[in-house]
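Step one of this worksheet: look at the structure below.
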Amino acid sequence: MKLHGWSPEAYLSELIGTFFLVFTVSLNALQRTALAPISIGCIYMVMVSATATVSGAHFNPAVTLGALLGSRMLVSPRNACVYLVVQLLGGLLAGLVCWHVLGTTYTLHPAPGHSTFDVFVVEALFTAALVFVVRSLWPLQRKGAGQLYLPLSVGFTVMAAAFAIGGISGYSLNPAVAFGVIMSHWIRTGGGMGYFLVYFLSPLGGAVLGAGLANALGTAEYRWEVSEQVRLLPPRSRSAQFFTPS
């Protein structure tokens with residue numbers, strides 16, 4: 093969907109979706125849940141299903157940046173700024189509520205045996221995959237069975253990423269996750285900010301790559317528009333347009 097006017101409902105849906113995403117990530121991380129990636133992927137699926145037609149279901153400043161890039165902006169710069177604020181607020185609220193529930197917090201850092209560069213690479217690449225998938229499938233939200241593609245595809249992308257890189261970076265792919273987790277830990281302990289920038293900036297770099305790939309391939313948006321044009325043409329016109337004799 094394209095959002096250009098002020099929309100309090102869209103901002104609220106971004107706040108709600110980001111809150112539950114970061115809350116789920118934090119609870120799983122602190123309790124060391126064995127199947128945490130499945131839990132995270134599932135909350136992503138249901139929140140995207142619930143809010144995609146309201147706000148586009150970004151829940152992530154990197155996804156919002158991806159929506160801004162390319163020949164067709166899927167969100168206005170003004171709304172992107174508001175999205176950023178409410179996403180960071182939702183992430184921080186989730187971190188604080190998690191602290192209240194479990195009585196502790198955590199921070200993000202490279203796993204033993206891995207460097208800051210390793211974290212930057214895996215976080216950027218899997219964020220690129222996420223943004224590529226989202227930008228490619230947003231147009232299919234408009235109608236019909238396509239409304240199932242985005243939540244399922246995003247959820248499985250996030251699930252795959254969490255399984256793949258959890259043992260390297262701890263998994264974030266989202267500046268709102270990094271902000272909520274690390275800032276709530278800093279509020280509680282006064283420390284834990286050492287890797288904040290790498291976790292905040294690497295998804296934004298990945299968003300640029302992912303949006304570039306989606307724009308280069310054209311993907312689903314072009315195919316959807318062509319299929320709609322063909323569907324609306326009478327049979328003779330379809331043949332004339334796509335099978336013109338030499």
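So for the sequence shown, my numbering puts the first residue at 93; every next one is plus one.
Don't be surprised by glycine CBs; every beta carbon is placed ideally from N, CA and C.
Between residue i and residue j, how many whole angstroms is the CB-CB distance? I'm expecting something under 8 Å.
i, j, result
"F151", "M137", "That pair is no contact at about 12 Å."
"S264", "L217", "About 13 Å separates the two Cβ atoms, so there is no contact after all."
"A268", "G182", "7 Å"
"S105", "T116", "About 17 Å; that fails the 8 Å criterion."
"S141", "P204", "Going by Cβ atoms, the distance from S141 to P204 rounds to 37 Å, so no, they are not a contact pair."
"V273", "S118", "6 Å"
"A144", "R227", "At roughly 13 Å, the Cβ-Cβ gap does not stay under 8 Å, so A144 and R227 are not in contact."
"V214", "S261", "6 Å"
"G302", "A221", "7 Å"
"L122", "L194", "5 Å"
"V225", "T208", "The pair is not a contact, with the Cβ atoms about 26 Å apart (cut-off 8 Å)."
Among the options, which has the Cα closest to the Cα of residue i?
i, options, result
"I279", "L184, G205 and N266", "L184"
"P113", "G304, L122, G133 and Q123", "Note that residue 113 is Leu in the sequence shown here, rather than Pro. Of G304, L122, G133 and Q123, the residue nearest in Cα terms is G133."
"P100", "V146, T156 and L222", "V146"
"V211", "G247, Y287 and A172", "Y287"
"V223", "P129, T208, P295 and G109", "P295"
"A154", "G298, A306, L194 and G310", "G298"
"V167", "W230, A308 and L127", "W230"
"T110", "L309, N266, F292 and L305", "N266"
"V300", "A149, T156 and A121", "T156"
"T219", "N171, A121 and L293", "L293"
"Y103", "R170, R124 and L122", "R170"
"P129", "G304, G284, M251 and M275", "M251"
"F271", "A308, Y241, T197 and V225", "T197"
"V174", "T125, L107, V225 and G247", "L107"
"R124", "T208, G259, G310 and F248", "G259"
Check your understanding: Between the region 149–166 and the region 249–262, do at least 3 Cβ pairs fall closer than 8 Å?
Key -> Counting Cβ pairs under 8 Å, fewer than three are found: no touch.
Practice item. Indicate whether the contact test is met: 3 or more Cβ pairs, each with one atom in the region 188–200 and one in the region 165–178, closer than 8 Å. Key: Short answer: they don't touch.
**Study point:** Secondary structure, alpha helix (DSSP H): runs of 4+ residues fully inside the region 230–309
**Key:** Qualifying alpha helix (DSSP H) stretches, in chain order: 238–257, 267–281 and 288–309.
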